[in-house]
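If you're matching them up, the sequences are chains A, B and C in order.
First residue of the first sequence: 1, per this note's numbering; consecutive thereafter.
First residue of the second sequence: 316, per this note's numbering; consecutive thereafter.
First residue of the third sequence: 685, per this note's numbering; consecutive thereafter.
Built from N, CA and C at the ideal position, the CB exists for glycine as well.
Note that this is a predicted model, so its numbers are computed, not measured.
This report refers to the structure that appears directly beneath it.
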Amino acid sequence: MIDFLYSILVLGIPFSVSLLLASLGEMYNQRAGIFNLGCEGVMSMGAFVGFVIPYFLIRAGVESGIIYVLGIAGSLAAGALLGLFFGVVVITFKAPQGIAGIGLQMFGVGVAGTLFRHFIGGIASVPGIKPMPVPLLSKIPLVGNIFFNHSLIVYLALILVPVSAWVMNRSSWGLRVRACGTAPRAVDSVGISVDRVRYQSLAVGGALAGLAGAYLSLCQVKMFADTLISGRGFIAVALVYFGRWNPWGILWGALLFSVTQVLQLKIQTMGINVPYEFAVMLPYVLVIIVLTFSNKNFQLGPSSLGKAFDRENRL
Amino acid sequence: MTKQQFSLVYKTTVLLIAIAAAALLGAMVLWAIGAPVLKTFLVIFLEPLKSFYITTEVLIRLIPLVLIALGIAVAFRSGILNIGAEGQMLMGILGATIVATQMPGLPRFAIIPLSMIAGVIFGGAYGFIPGFLKAKLGVSELLSTVMLNYIAAQTYILCLRGPLIDPAELVTGSGTPQSIRFPRQAWLTRMVPGTRLHTGIIIALVLAVVIYFFLWRTSWGYKMRAAGAEAKAARYGGINVSAWLIIAMVISGAFAGLAGAVEVLGLHRRAIEGISMGYGFTGIVVALFGGLHPAGIVPSAFLFGLILVGGDMTQRMVGVPVNMVQVLQGIIILTIVSVKMVINNPYIMERAERRFNKSEHKKSEEAQA
Amino acid sequence: MERSEGRIHSLRVEGITKRFPGVLACDDISMAIGEHEILALVGENGAGKTTLMNILMGLYQPDEGSILINNEPVHFKSPRDAFEAGIGMVHQRYMLIPNLTVVENIALGMKEAHKKGVMKLGEVRRKMQEVSDNYGLHVDPEAYVWQLSVGEQQRVELVKTLCYGARFLILDEPTSALTPQETDELLVLLKNMSKQLSIIFISHKLQEVKTLSHKVSVLRHGRMTFSGDTEKYTPAELASFMTGTKVELPVNERIDMKGEAVLELKNLKARSDRGFFALDDLNLTVRAGEIVGLAGVSGNGQKELAEVINGIRRLEGGEIRFFGENIANLTPGKVIEKGMGYIPEDRNTEGIVPSFSIRENIILKDNTTGKYSKKRFLKLGTIAEVSDRLKEQFDIRCPNTTTAAGSLSGGNIQKVILAREIDRSPRFLVAVYPTRGLDMGAAEFIHQQLLELRNKGIGILLVSEELEEIMNLSDRIGIIYKGKIMDVLDGNTAEIKTLGLLMAGVKND
């Protein structure tokens, strides 16, 4: 039994990282009042950029680890840029966010697919980022392997949880973000630009979604395909609701999902006869169930979520 | 310059700038892959119309697009954004396939309507789920429909691999997930010899007219539009908003389901993988581009049918991957929603007008000096 | 306090003009105010008072004109510039963030509260203490804003503005949500504060203007129509400056119609959106042919009461007898069928569907009845005819009846609602804040319509926070406080003072 749990947890944490990163990014957006349904597209671009840079550098004969640093940097930049681009549409032009998000998703997935088909074409892989065991800690039996034998991005993602909580609740910028998501008019009345705060949050959120994509293509599957993200972006958005806009809640949500995913893989390898398709469906069904039964009381949530702000519009 | 004149000039300018910006964005992607920009656009928008056969192929794509977009327009006008047409269409295909393959003895006049009704019911039921979740439990339809799309895709494949699989596939052992070929009497008539254009187009066009009357001439349509335009006011007016929301979603799903049934009966004549090929998402763009009105949806569906067919041709003719179609759709959505807001925001227009008048004023002063 | 040490000896605005789509909100306005002065800015709703103050705060940029402090022209690009100059404003709709604590709310706009990107809330608490000691304004820094009452929120706004170093205070209708007693307390506080500060005070209640201000300026349709010393003029004179011509609002003659009870509310219990009991054992009866005015500070259950009667909110206890029949918890549609008419509080998004044409709004409640439809098909011809007739009859000012209702002015929107409700010949009418925010002309028209309806023998429940409206129109006056009816007074003999005490929950036997 312990072996079983152990084997699930050992995979569960790395599986949760892409969801966790994307979902934290989406949290920054939503806390500032922007509902970014295009997360899927941003992740797709991040995954592609993060993959293609090391891929070509390896072909050019560069072998050092710097290629992955460049890939990650590229994915962060691509994500942030797409976030800002979305900002132009929903902040400056004040377009309705739900439908614009669908547009961003199509655009991001489409561009990543187009570039991929043109520059790479078929199945290609990179060696990917190697796990970096934490000295000493990784030697602890069981616990060491579960928590301290992963690639750097995993640690980074886990550290980002308390960091995000601190940023939201203790930093000046977090205060502004929270205020913009609830009462933008009040923020405006003290001379802080609502649009600027929202753009900033979109850049941060986009960068994190881009990183989430790069984690998939560089660490988790070590390859890229048009269908790599396959709904993870949407699940990440749903997790923000599940986590009540709170980093710790999001962490539990991401872990819950990845553990079900691993469980499903385990069940198959254990020879229990469940059709493969059922197993694939499971996380999506879980999202719907979670959304159905999660508490929808907005008292402490961002009550201006999804609403554009226009100072001179007095209605 | 009078206010009306300025408003006209302003709207035209915004529109032109938007088209230019959209084209530029598309062109940037094409430049990035080193494709000839102008030629690519020409291939997409003109090449298909050069041959009669390929033009009928465009019309074939128009059929599901019109049906899906009509459903999405009904939902949208009722205040719910249906992104789940993709899954509802697959369910419709399943429904039609079950009837057409399990009751092969039925005569033509029964099997076609029954298959279609099965498609409508399956699609409608699949639309009911997110509608119910939204209306009664406050679950965002944006997320639930997306999840249901993935679930539908798996269910569809599961059925084609399992209960509905063509026994021949099992015999040969290739195991391609597809159903048996439908009996001949279940096929929709091909209207023009030598092409694949089937009678589904008549269904699509007739339903466009029906939807127009339904939405704007009946009290049912009135109630739905009121619920979508301002739920609070509709509730105050005695309209059961959540019930109409569910009904709108069911109608929307039923149209997507019908699109699936028509597509499989008219074109493929057996259920195979990849029939929906993103029609559900393109349908959203079609509906928006058509102004959520049947009279706009039909031409808009033609345009996007063109893009789909043209997009297929770019790979061969200019080496642009077919994914470019998705890029264009994304750009078009982002452009439409932006333009709509900018044009309809009186505050932005008024500011532009004042700035314009001021600069005119300055110019005339300078001219006098 | 460093940044606002520079004192404001005088503040002047000259030739301020501001346009909004379709409205000239401020038209060449000039005025001046000196140190330790209280200037009252009065005018009807929509006269441009708030817009002018928003310009002063740097929230809006004027199209023309300039602002001068100590005779130096200043240019405020954002409220931050105005704070720097020592000007602060308490908006009518409070600018507080409900899900943050008081201290976080104040920290938001305070430079000293942030060091290297980290919040220093201790600094804010120190400053709050300072303000509290200086002016006698106490608030709990750790409370969440959504937990506070309206009066407490106003205090937070005042503290916030003072923490930002305001030497010059703008108050936009500070008494509109307060009980008469709370209002008195505020007036005393402001009087004291004016020893250290200058104050601009926006109001349309002339009694307050008389007691508090030194100078008064009147705005009408965006123009400054009058300026002078308050003590030289009577409230009546000021009122006539405000409205231009003297409008006599119609008064109920109170001839007893001896109608039978048509609406009986018994032991009503219902929850507010926030989950507490907004109606707590409420009893009230309205007879045919009488207007019962429901007086009270808003937020004491008025909205919930109207919604419960109309089936929009769930009733958790008690019964509603309408012509003898219990209509509690019927659907809104069923209540409408019974002949209930309802003018809702929120006219812009509840009373009308803003994107629909006037015609489409006229049929909102009758789209399935034989009046406007046949076998579920809309009778477009009839709808157009009736709408055109109502447009004339109710003097709805619009190009034609296919205009979107949301593009009309507040008064005309209210006329569309009234036209629809009255043309349905209701058996009863619930009217919630029917003239809030309207100019005198529109208010007069609406009052007349209500009285006509009453004289036809229809019962009316009139919810209002304007005591004058209640006193003019009501046969009987019920006073609502915390979801209960404190007392029901006779319209002929009720006095403002008694009403005020009852509205504050004080009952003297």
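Rounded separation between residue i and residue j - CA only
i	j	result
L752(C)	G718(C)	12 Å
H775(C)	T114(A)	52 Å
S366(B)	W502(B)	26 Å
G727(C)	V900(C)	10 Å
V111(A)	Q200(A)	24 Å
K1198(C)	S762(C)	Outside the shown range of chain C, which is 685 to 1193, sits residue 1198(C), and nothing can be said about it.
S193(A)	A179(A)	11 Å
E63(A)	L57(A)	8 Å
L256(A)	F596(B)	30 Å
K318(B)	F86(A)	32 Å
D188(A)	S694(C)	26 Å
G626(B)	M794(C)	55 Å
is_contact[residue i, chain B] using C-beta, thresh 8 Å
i	result
K307(A)	no
E277(A)	yes
T1085(C)	no
N738(C)	no
K266(A)	no
T1177(C)	no
M685(C)	With a pLDDT of 34 at M685(C), under the threshold of 50, the predicted position of this residue should be treated as unreliable, and no value is reported.
Y28(A)	no
P96(A)	yes
A48(A)	This sequence places Phe at residue 48(A); Ala is not what is there. Not one chain B Cβ lies under 8 Å of F48(A).
F257(A)	no
Interface flag, residue i vs chain C, CB-CB below 8 Å
i	result
E680(B)	no
A32(A)	no
A179(A)	yes
G191(A)	yes
W173(A)	yes
N555(B)	yes
V204(A)	no
Neighbour flag for residue i against chain A, beta carbons, 8 Å
i	result
Y465(B)	yes
S653(B)	yes
Y299(B)	An answer regarding residue 299(B) cannot be provided, because it is not within the stretch 316 to 684 covered by chain B.
S688(C)	Unreliable positioning characterises S688(C) in this predicted model, as indicated by a pLDDT of 41, which lies under 50. The coordinate reading is nonetheless provided below. Output row for S688(C): interface = no.
CB contact flag (residue i, residue j, <8 Å)
i	j	result
I378(B)	A610(B)	no
T914(C)	H888(C)	no
G552(B)	A544(B)	no
A78(A)	F224(A)	no
G446(B)	Q403(B)	no
L152(A)	M132(A)	yes
G98(A)	G38(A)	no
V358(B)	M628(B)	yes
For this session: Can you give me, in chain order, the residues of the region 1006-1040 of chain C that have a beta carbon less than 7 Å from any beta carbon in chain A?
Result: N1032
Problem set entry | Contact residues within the region 531-548 of chain B, judged by C-beta distance below 7 Å to chain C | R532, T533, S534, W535, Y537, K538, A541, A544, E545, K547 and A548
Problem set entry | Unbroken stretches of the beta strand (DSSP E), 3 residues or longer, contained in the region 1096-1143 of chain C | 1112-1116
For this session: Pull out every residue of the region 764-791 of chain C whose Cβ sits closer than 7 Å to any Cβ of chain A, in chain order.
Result: R764, F767, H775, M779, L780, I781, P782, N783, L784, E788 and A791
Exercise. According to a CB-to-CB cut-off of less than 9 Å, which residues of the region 741-755 of chain C neighbour chain B?
Worked result: D747
For this session: Could you list the residues in the region 108-140 of chain A with a C-beta less than 7 Å from some C-beta on chain B, going in chain order?
Result: V109, G110, V111, G113, T114, L115, R117 and H118
Problem set entry | Residues from the region 801-824 of chain C in contact with chain A, defined by Cβ distance under 7 Å | G801, V802 and M803
Problem set entry | Minimum length 4: unbroken alpha helix (DSSP H) runs contained in the region 991-1062 of chain C | Listed in chain order, they are 1016-1021 and 1042-1046.
Exercise. What runs of the alpha helix (DSSP H), each 4 residues or longer, lie entirely inside the region 790-872 of chain C?
Worked result: Given a length threshold of 4 residues, each whole run of the alpha helix (DSSP H) inside the region 790-872 of chain C is given here in chain order: 805-819 and 834-847.
Problem set entry | Under 7 Å (Cβ pairs) to chain B, residues found in the region 1049-1066 of chain C | K1049, N1051, T1052, S1057, R1060, F1061 and L1062
Exercise. Got a sec: which bits of the region 990-1001 of chain C sit with their beta carbon under 7 Å from any beta carbon on chain B, in order along the chain?
Worked result: I996
Exercise. In chain order, which alpha helix (DSSP H) runs of at least 4 residues are fully inside the region 257-314 of chain A?
Worked result: Those alpha helix (DSSP H) runs which fall completely within the region 257-314 of chain A and span 4+ residues are 276-293.
Problem set entry | Complete alpha helix (DSSP H) runs within the region 867-915 of chain C (minimum length 4 residues, chain order) | 890-896
For this session: Check distances from the C-beta atoms of the region 689-705 of chain C to those of chain B and list, in chain order, the residues that come in under 8 Å.
Result: R703, F704 and P705
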